[in-house]
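Residue numbering for the sequence shown follows the working numbering, beginning at 2 and increasing consecutively. Every residue gets a Cβ at the ideal spot worked out from N, C-alpha and C, and that includes glycine. Take a look at the structure set out below.
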Amino acid sequence: MQDSRQLLPGFWDGTGWGFGLAVQTEGPQRGRIGWSGGLGTDFFVDPDGTVGILLTQVELGKDMSSLIAQFQSLHEPS
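Here is the structure:
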């Protein structure tokens, strides 16, 4: 079985699991829950109630990593 951390290096840094979703455990988005799907989807819910949803038609990979990073940085919880 392949270690999922080798698939996209850095993808899981500062991230844990809770209720079947990723949970940001450090940094400016600490407490954010969400998920990045393998087929170009991403969503998050911040502790202040902000919800972000990204839907594309591009498979997750190197090209999508920067788009998802930009999307995730659009809102920093207060």
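With Leu56 as the anchor, note down where its beta strand (DSSP E) starts and where it stops. Counting from 1 along the sequence shown, the entry for residue 56 is found at position 55. Run containing Leu56: 52-56, per the beta strand (DSSP E) assignment.
What do you get for Ser37, buried or exposed, if any count of 16 or more other CB atoms within 10 angstroms of its CB means buried? Position 36 of the sequence shown, counted from the first residue, corresponds to residue 37. Buried is the call here.
Status (buried if at least 16 other CB within 10 Å, exposed otherwise) for Leu56: By 1-based counting over the sequence shown, the position of residue 56 is 55. Leu56 comes out exposed.
Over the uninterrupted beta strand (DSSP E) stretch that includes Ser67, give me the two end residues. Working through the sequence shown from its first residue, we reach residue 67 at position 66. Where Ser67 is concerned, there is no enclosing beta strand (DSSP E), although the alpha helix (DSSP H) it sits in stretches over 63-73.
According to DSSP, is Gly35 part of a helix, a strand, or is it coil? To locate residue 35, count along the sequence shown from 1; it is residue 34. Gly35: strand per DSSP, three-state reduction.
Answer yes or no: do Asp47 and His76 have a C-beta to C-beta separation smaller than 8 Å? As a first step, residue 47 is located in the sequence shown; it is residue number 46 there, counting from the start. As a first step, residue 76 is located in the sequence shown; it is residue number 75 there, counting from the start. Yes, Cβ-Cβ distance for Asp47 and His76 is below 8 Å.
What do you reckon, are the CB atoms on Gln71 and Phe45 nearer than 8 Å? Reading the sequence shown from its first residue, position 70 is the one you call residue 71. Reading the sequence shown from its first residue, position 44 is the one you call residue 45. In this structure, Gln71 keeps its C-beta atom at 8 Å or more from the C-beta atom of Phe45.
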